[in-house]
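Visitor: Residue numbers for the sequence shown follow the numbering used here, so the first one is 3 and each next one is one higher.
Even glycine gets a Cβ: it sits at the ideal position worked out from N, Cα and C.
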Amino acid sequence: MALFLRLLLVAAALFWVSYPARADTNGMDKAYQDHIIDASLTDTSVAPEVIAKLHLTDKDAETYSKIFAAHGRGDRKGAEALAKKLSDRSLVDWARVRNGHNPAIWLPETSGGYARTYRSPLHKDKAARDAADDIALSVSVLLKTDDIARAIDVTKRAAAVGTIDRIEAAAQYARIAAAYLYANKPADALSYAHLALQIGGIKTPDAAWVAGLASWLQGESRRAAQYFAWVPRSPYAGPWLRSAASFWAARAMMREGQYALVSEWLREAAKNPRSFYGLIATRALGTRFDFNWIAPPFTPAHAAVLKRYPGAVRALKLAQAGQYDMARIELALLDANAAPQWREALAALATTSLKPDTVMKVSGILMTPDGRPLDLAMYPVAPWQPRDGFRLDPALLHAFARQESGFKPAARNKASGATGLLQLMPRTARSFDKSLDESTLKNPQVSLALGQKYLEDLLDMTDGNLFEAAIAYNAGPGNLGEWKDRFAGVDDPLLFIELIPFGETRAYVERVMANYWIYSLRMGFGVASLDAVAAGKPAIYASYTKPRDEAVYASVSSASNR
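#1: Give me whichever residues DSSP pairs with M375 in a beta bridge.
#2: Helix, strand or coil, according to DSSP, for R414 in the structure here?
#3: Could you tell me which residues DSSP pairs with L426 in its beta bridges?
#4: Cβ atoms of V141 and A153: under 8 Å apart, would you say?
#5: Please state the DSSP three-state secondary structure of I542.
#6: Under the three-state reduction of DSSP, which class applies to N467: helix, strand or coil?
#7: Just the C-alpha distance for A272 and W519, rounded to the nearest angstrom, thanks.
#8: Within its chain, find whatever has a CB closer than 6 Å to the CB of R257; leave out the 5 residues flanking it on each side and keep chain order.
#9: What separation, rounded to the nearest whole angstrom, lies between the Cα atoms of A544 and G538?
#10: So, helix, strand or coil for T353, using DSSP?
#11: Does DSSP put A384 in a helix, in a strand, or in coil?
#12: If you draw a straight line from the C-alpha of N274 to the C-alpha of G80, how long is it?
#13: What do you get for D337, buried or exposed, if any count of 16 or more other CB atoms within 10 angstroms of its CB means buried?
#14: Using only the alpha-carbon positions, how far apart do S418 and Q447 sit?
#15: Using 8 Å for Cβ pairs, my map puts H304 next to A350. What's the rounded Cβ distance?
#16: Rounding to the nearest angstrom, what Cα-Cα distance links N28 and R244 in this structure?
#17: Whose C-beta lies closer than 7 Å to the C-beta of V514 among residues of the same chain, with five residues either side of it excluded?
#18: Could you have a look at P503 and say whether DSSP puts it in helix, strand or coil?
#19: Determine the burial state of G313: buried for a count of at least 16 other Cβ atoms within 10 Å of its Cβ, exposed for fewer.
#20: In angstroms with no decimal places, state the Cα-to-Cα distance between F70 and K410.
#21: Indicate the three-state DSSP secondary structure (helix, strand or coil) for E512 in the structure shown.
#22: Can you give me the C-alpha to C-alpha distance between T442 and Q343, rounded to a whole angstrom?
#23: Could you say which of R276, L199, S217, I166 lies nearest to A189 if we only look at CA atoms?
#24: Give the secondary structure of S277 by DSSP, where H, G and I count as helix, E and B as strand, and everything else as coil.
#25: Measure the Cβ-Cβ separation of G408 and D359 and say whether it is below 8 Å.
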């Protein structure tokens, strides 16, 4: 009960917390500007047994995740049985508090750049919500099977009988508009996008996005600019969509000769600086990237700070267990009552003692002392190399590994069977080495070597086109060929991505490319493909240069995650 009361007090304190503003980076030092990491930063004189007590083992993190889940569904006996397997019991009381209490309800609602979510007033009970969800699911299934006519009919009937309200109907019409766009029917796409906007207005930003792309595909850049410019004004548009629409608004303004507005919209797109379009916009503006790659070593002084502020260590452990809301409660209390040195101490601990997959998992709670995201944790450098050495740019392999597995060597997709760091299908892997079995793919050096071979083949097949290679890696060369045939008249690389029918693949390409550019900046390799895209050209892979690039990579790798 005492812990529960403490959490309530923390929640009250959250309403009075003032989070640090982003720091002015104009005074960055030379090492920061050049994205070079001093290898001496890896030194530490803190005893390993001391460090080990400050974070969870992988086994305990997994067990705690199960314990929290058990308490969440009211299975106290199951949770207590799991707790007996723990070597670190420091979160057991927190897990018990989780039983019947959701910490998210104690956190104040903030915009945080996230999209507002629409909730229909029609659905006052579970049955009504389930009925509306069934309509959305039915429309999804019909659109996946290209039965757009039936999807329209289902939506109209559901709206007519009141199963869904007008905003929900508008959302379905926006999805129908997108399906027409991916079928290369821009006139129909524009018609249903316009209908969705008429009905849903500001609550259907996806419809304006589709209308903008359909207009662009028809060569109507003035109309496209109006639709794209509409999207960021909607509070229901998320950060990615606002950035994407702002960048496309800048493109449309440029095509229309409204040069005075181009920079304004590029600056709007650059507000999401780690996203695909945010990176392109930043490069197009010629402004400096605001990444921070320098982290201090974990020293006895840091250990002393964390001993003084145990909530910081508890937050790290909670994040390892996947309990981010609870971690935020601890961090908010520290923000309100503690000096900012704990931020540096926690960042130093995480980046020097956690494996790449773990430090990436907890990166959302790590910040610099002045409150900026800790890029070093968000984009860790792996300690492994392909067993036959790098032939492709290490930044490219890191980009795919980050997206495919989150740097988990033993990751396995139960549905597809894809396994390992680069999530290779066993059949694909055996095409390169017939002696391989599935367990061998969990060896990161093997996964990197085979993934590198597969990427080399895809780059050869696509004449070095990075966008197309990423599409083929995710959706297969067959789908890439089909989509190139469908949109044979489209020679705009960015438009081609946005016309891909698979939402997963569209997101995949943009995330992998953003990863690639960010890792290239971190490793000091340059971003020629980003420069090309910012100039409206295809992203073509530039060969990995030895030994210069290897020397740069070695210095970065030795100064990174242990």
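Guide: Inspection of the coordinates gives the following:
#1: The residue you call residue 375 lines up with position 373 of the sequence shown. For the sequence presented, residue 375 should be read as Pro rather than Met. P375 is bridged to M369.
#2: The residue you call residue 414 lines up with position 412 of the sequence shown. If DSSP states are grouped into helix, strand and coil, R414 belongs with the strands.
#3: Taking the first residue of the sequence shown as 1, we reach residue 426 at position 424. DSSP lists T421 as partners of L426.
#4: For the purposes of this step, residue 153 is identified with residue 151 of the sequence shown, where counting begins at 1. For the purposes of this step, residue 141 is identified with residue 139 of the sequence shown, where counting begins at 1. Yes, they are a contact pair.
#5: By 1-based counting over the sequence shown, the position of residue 542 is 540. Strand at I542.
#6: If you number the sequence shown from 1, residue 467 lands on position 465. It is a strand residue.
#7: The residue you call residue 272 lines up with position 270 of the sequence shown. The residue you call residue 519 lines up with position 517 of the sequence shown. So the two alpha carbons sit approximately 15 Å from each other.
#8: Indexing the sequence shown from 1 puts residue 257 at position 255. Here the set comprises S223.
#9: Walking along the sequence shown from the start, residue 544 turns up at place 542. Walking along the sequence shown from the start, residue 538 turns up at place 536. Cα to Cα, the separation comes out at about 17 Å.
#10: Locating residue 353 in the sequence shown gives position 351, counting from the first residue. Reduced to three states, the DSSP call for T353 is helix.
#11: Numbered from its first residue, the sequence shown carries residue 384 at position 382. Residue state, collapsed to three classes: coil.
#12: If you number the sequence shown from 1, residue 274 lands on position 272. If you number the sequence shown from 1, residue 80 lands on position 78. Distance between the alpha carbons of N274 and G80 is about 42 Å.
#13: Here the question's residue 337 lines up with position 335 in the sequence shown. By the neighbour-count rule (16 or more Cβ atoms within 10 Å), D337 is buried.
#14: Locating residue 418 in the sequence shown gives position 416, where the first residue counts as 1. Locating residue 447 in the sequence shown gives position 445, where the first residue counts as 1. Taking the straight line joining both Cα atoms gives about 22 Å.
#15: Looking up residue 304 in the sequence shown gives position 302. Looking up residue 350 in the sequence shown gives position 348. Contact holds; Cβ gap of about 5 Å.
#16: On the sequence shown, residue 28 is found 26 positions in, with the first residue counted as 1. On the sequence shown, residue 244 is found 242 positions in, with the first residue counted as 1. Caution applies to N28, whose pLDDT of 33 falls short of 50 and renders its modelled position unreliable; the model cannot decide the point.
#17: Numbered from its first residue, the sequence shown carries residue 514 at position 512. Correct list, in chain order: A401, F402, Q405, A472.
#18: In the sequence shown, residue 503 corresponds to position 501, counting from 1. Correct three-state label for P503: coil.
#19: Taking the first residue of the sequence shown as 1, we reach residue 313 at position 311. That one is buried.
#20: Taking the first residue of the sequence shown as position 1, residue 70 is located at position 68. Taking the first residue of the sequence shown as position 1, residue 410 is located at position 408. So the alpha carbons of these two residues sit roughly 22 Å apart.
#21: As a working mapping, residue 512 is identified with position 510 in the sequence shown. Three-state result, E512: helix.
#22: Translated into the one-based positions of the sequence shown, residue 442 becomes position 440. Translated into the one-based positions of the sequence shown, residue 343 becomes position 341. The straight-line gap from Cα to Cα measures roughly 43 Å.
#23: Counting from one through the sequence shown, the residue named residue 189 turns up at place 187. When only C-alpha atoms are compared, the closest one is S217.
#24: On the sequence shown, position 275 is the one that residue 277 refers to. If DSSP states are grouped into helix, strand and coil, S277 belongs with coil.
#25: Walking along the sequence shown from the start, residue 408 turns up at place 406. Walking along the sequence shown from the start, residue 359 turns up at place 357. Closer than 8 Å, so yes.
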